[in-house]
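J.:
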Amino acid sequence: MKQFFSHTPPSQKLLLLIIITLLSWFIISLAGTLLAFPIWGTEALTDTGQLLNNVAFLKYFQVLQSIALFIAPPIIFEYITSGQITLRHFREININSTLAIVAILLVIVAQPFISFLGVFNNGIVLPESWLHIEEWMKDKENAAMQATEIFLSAKGWSQTIINAIIIAVIPAIGEELMFRGSLQHLFNKILKNKHFSVILSALLFSAIHIQFFGFLPRFILGVLFGYLMVYGRNIWLPILAHFTNNFMAFILYQHYASNSTTNDNPLIVGNEYPQMIWVVLSIMGIITLLYLCLWFTKNRKGRNHASSTSQGS
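Per this note's numbering, the very first residue in the sequence shown carries number 1; after that it's consecutive.
1) Write down the C-beta distance between Leu240 and Ile104 rounded to the nearest angstrom, noting that I regard them as a contact closer than 8 Å.
2) Which residue wins for smallest C-alpha separation from Lys59, given the options Gly32, Glu78, Ile75, Ser82?
3) Which residue wins for smallest C-alpha separation from Arg233, given the options Ala147, Arg180, Ile277?
4) Determine the DSSP secondary structure at Gly156, reduced to helix, strand or coil.
5) Using 7 Å as the threshold, is the C-beta distance between Phe250 and Ile162 below it?
6) Confirm, please, whether the CB-CB distance from Pro217 to Ile114 is below 7 Å.
7) Distance check for Phe219 and Ser11, CA to CA, integer angstroms please.
8) Thinking just about the alpha-carbon of each residue, which of Phe116, Glu135, Ala56, His132 is nearest to the one in Ile283?
9) Kindly indicate the opening and closing residues of the alpha helix (DSSP H) around Glu272.
10) Smallest Cα separation from Pro325: which of Val102, Glu141, Ile208?
11) What's the gap between the Cα of Leu289 and the Cα of Ile101?
12) Just to confirm, are Glu134 and Leu126 a CB contact at a threshold of 7 Å?
13) Is there contact here, the segment 188–200 with the segment 222–236, by at least three beta-carbon pairs under 8 Å?
14) In the DSSP assignment, find the unbroken alpha helix (DSSP H) run with Glu141 in it and report its ends.
15) Are Phe212 and Met137 closer than 7 Å when you measure CB to CB?
16) Between Phe70, Thr21, Ala56, which lies nearest to Ile39 when the distance is taken from Cα to Cα?
17) Which same chain residues end up closer than 6 Å to Thr21 when comparing Cβ atoms and leaving out the 5 residues on each side of it in sequence?
18) Please give me, in chain order, every unbroken run of the beta strand (DSSP E) with length at least 3 that falls completely inside the segment 151–219.
19) Any heavy atom of the ligand ADP closer than 6 Å to the beta-carbon of Val223?
20) For Ile287, tell me which candidate among Phe247, Tyr231, His242, Gln254 has the shortest Cα-Cα distance.
21) Straight-line CA distance for Lys140 to Ala147?
22) Judging by CA-CA distance, which residue of Ala143, Asn96, Leu17 is the nearest neighbour of Phe296?
23) Consult DSSP for Thr98 and reduce its assignment to one of helix, strand or coil.
24) What are the start and end residues of the alpha helix (DSSP H) that includes Phe247?
25) Look at Val269 and Gly118 and say whether their C-beta atoms are less than 7 Å apart.
26) In the structure shown, what three-state DSSP assignment does Asn54 receive?
27) So the alpha helix (DSSP H) Pro73 belongs to, where does it begin and stop?
28) I need the straight-line Cα distance from Ser158 to Val169, nearest angstrom please.
29) Would you decide whether Ile235 is buried or exposed? Buried here means 16 or more other CB atoms lie within 10 Å of its CB.
30) Arg233 by DSSP, collapsed to three states: which one?
31) How big is the Cα-Cα spacing for Leu237 and Tyr256?
Below, the structure is given as structure tokens:
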């Protein structure tokens, strides 16, 4: 099978990945639903009102969806096309500490710009002829926020740790495997342009969340994760950055939920823009950190090459 797919054009490999993802989603979702019946019962799974109040099932379904859509397909795809279960991007598990710090700082520094885009995106008003579509989008946003708040409502350290894993760890690994590890790699093979590949994978990354009023900030985050992959050449860098972003949001919500004196729900995008000086500094910081990532990777590669040459002589 490896020999057969080794000469397959990238466009056909992309089609294969799509087919694998659809089959994975169908099979794992079906199996997961059948396993859920004995635990939660038929009525609990078919009654939407009960589902939103069933925190355990919401967590179960979230993990199931992440496995079905983002974790299993890239692993299966890699095995079929290369004959190895271990993903090629995971062979270099050790990441340089400097690049790791750059990845974390990139997400932190980007927050004012991300907040600016969030307020701008939230204020977009669609044409009157699109009123029904806008209402549908708002309903999806409200439903997602309601589900997230219920999801995070569980108390206690054990539940907090479980929530952190489901909110920050699993999405960071799964979504980066799919969008940066597989899709961006295939897009680059097809388009022969790393910038278009980053943008296209970021567009899909944002679109698949089906949250229009958060599309722009999520798209820019996808672009940042994509360039970390391109310049850092290690899947663990976008995974670390993605984890940092989700974990910060998780911590902020935990602070909000446990502090009765604040009304600033981090899940709700306000209508007040951050100060422009912070937005400008944020953009400058993003450019600087991405350049540092590229510069450090190139210099490290040059040093390694020089070292191997001197040893060979």
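Glycine included, C-beta positions come from ideal geometry on N, C-alpha and C.
From a predicted model like this one, the values you see are computed outputs, not experimental measurements.
T.: A quick look at the data gives this:
1) Start at 1 with the first residue of the sequence shown, and residue 240 comes out as number 240. Start at 1 with the first residue of the sequence shown, and residue 104 comes out as number 104. Taking C-beta atoms under 8 Å as the contact rule, Leu240 and Ile104 qualify, at a distance of about 7 Å.
2) Residue mapping note: residue 59 aligns to position 59 of the sequence shown, counting from 1. Of all alpha-carbon atoms in Gly32, Glu78, Ile75, Ser82, the one lying nearest the alpha-carbon of Lys59 is that of Gly32.
3) Here the question's residue 233 lines up with position 233 in the sequence shown. When the alpha-carbon of Arg233 is set against those of Ala147, Arg180, Ile277, the nearest one is in Arg180.
4) Reading the sequence shown from its first residue, position 156 is the one you call residue 156. Coil at Gly156, not helix or strand.
5) Your numbering for residue 250 matches position 250 in the sequence shown. Your numbering for residue 162 matches position 162 in the sequence shown. Their beta carbons are not under 7 Å apart, which means Phe250 does not touch Ile162 by this criterion.
6) Within the sequence shown, numbered from 1, the residue matching residue 114 stands at position 114. Within the sequence shown, numbered from 1, the residue matching residue 217 stands at position 217. Yes, these two residues count as a Cβ contact at 7 Å.
7) For the purposes of this step, residue 11 is taken as the residue at position 11 of the sequence shown. For the purposes of this step, residue 219 is taken as the residue at position 219 of the sequence shown. Between Ser11 and Phe219, the C-alpha separation is close to 23 Å.
8) Numbered from 1 along the sequence shown, position 283 holds the residue referred to as residue 283. Distances from the alpha-carbon of Ile283 to those of Phe116, Glu135, Ala56, His132 put Phe116 closest.
9) Locating residue 272 in the sequence shown gives position 272, where the first residue counts as 1. No alpha helix (DSSP H) contains Glu272, which DSSP labels as neither H nor E.
10) It is not possible to answer for residue 325, since the shown part of the chain is limited to 1 through 313.
11) In the sequence shown, counting from the first residue as 1, residue 289 sits at position 289. In the sequence shown, counting from the first residue as 1, residue 101 sits at position 101. Using only the alpha carbons, I get a separation of about 10 Å.
12) As a first step, residue 134 is located in the sequence shown; it is residue number 134 there, counting from the start. As a first step, residue 126 is located in the sequence shown; it is residue number 126 there, counting from the start. Between Glu134 and Leu126, the gap from beta carbon to beta carbon is short of 7 Å.
13) Yes, the segment 188–200 touches the segment 222–236.
14) Numbered from its first residue, the sequence shown carries residue 141 at position 141. Annotation for Glu141: the continuous alpha helix (DSSP H) segment containing it runs 131–151.
15) As a first step, residue 212 must be located in the sequence shown, where it is residue number 212. As a first step, residue 137 must be located in the sequence shown, where it is residue number 137. Annotated as proximal: Phe212 and Met137, with beta-carbon spacing under 7 Å.
16) In the sequence shown, residue 39 corresponds to position 39, counting from 1. Closest option to Ile39, Cα to Cα, is Ala56.
17) One-based indexing of the sequence shown puts residue 21 at position 21. Excluding sequence positions up to five before and after Thr21, its CB lies within less than 6 Å of the CB of Pro73, all in the same chain and listed in chain order.
18) The qualifying runs do not exist here; there are none.
19) Questions concerning the ligand ADP fall outside what the structure shown contains, since it holds no ligand whatsoever.
20) The sequence position of residue 287 within the sequence shown is 287, counting from 1. Looking from the CA of Ile287, the closest CA among Phe247, Tyr231, His242, Gln254 belongs to Tyr231.
21) Indexing the sequence shown from 1 puts residue 140 at position 140. Indexing the sequence shown from 1 puts residue 147 at position 147. Between Lys140 and Ala147, the C-alpha separation is close to 10 Å.
22) Here residue 296 refers to the residue found at position 296 when the sequence shown is read from its first residue. Closest option to Phe296, Cα to Cα, is Asn96.
23) Position 98 of the sequence shown holds residue 98. Of the three classes helix, strand and coil, the one that applies to Thr98 here is helix, per DSSP.
24) In the sequence shown, residue 247 corresponds to position 247, counting from 1. That run of the alpha helix (DSSP H) goes 236–258.
25) Here residue 269 is taken as the residue at index 269 of the sequence shown, counted from 1. Here residue 118 is taken as the residue at index 118 of the sequence shown, counted from 1. Going by C-beta atoms, Val269 is nearer than 7 Å to Gly118.
26) To locate residue 54, count along the sequence shown from 1; it is residue 54. DSSP places Asn54 in coil when its eight states are reduced to three.
27) Walking along the sequence shown from the start, residue 73 turns up at place 73. 72–82 is the span of the alpha helix (DSSP H), which, as asked, contains Pro73.
28) For the purposes of this step, residue 158 is identified with residue 158 of the sequence shown, where counting begins at 1. For the purposes of this step, residue 169 is identified with residue 169 of the sequence shown, where counting begins at 1. Between Ser158 and Val169, the C-alpha separation is close to 15 Å.
29) Residue 235 sits at position 235 when you count from the first residue of the sequence shown. Answer is buried; the Cβ neighbour count reaches 16.
30) Looking up residue 233 in the sequence shown gives position 233. DSSP places Arg233 outside both helix and strand once states are collapsed to three, so it counts as coil.
31) For the purposes of this step, residue 237 is identified with residue 237 of the sequence shown, where counting begins at 1. For the purposes of this step, residue 256 is identified with residue 256 of the sequence shown, where counting begins at 1. Each residue's Cα considered, the two are about 29 Å apart.
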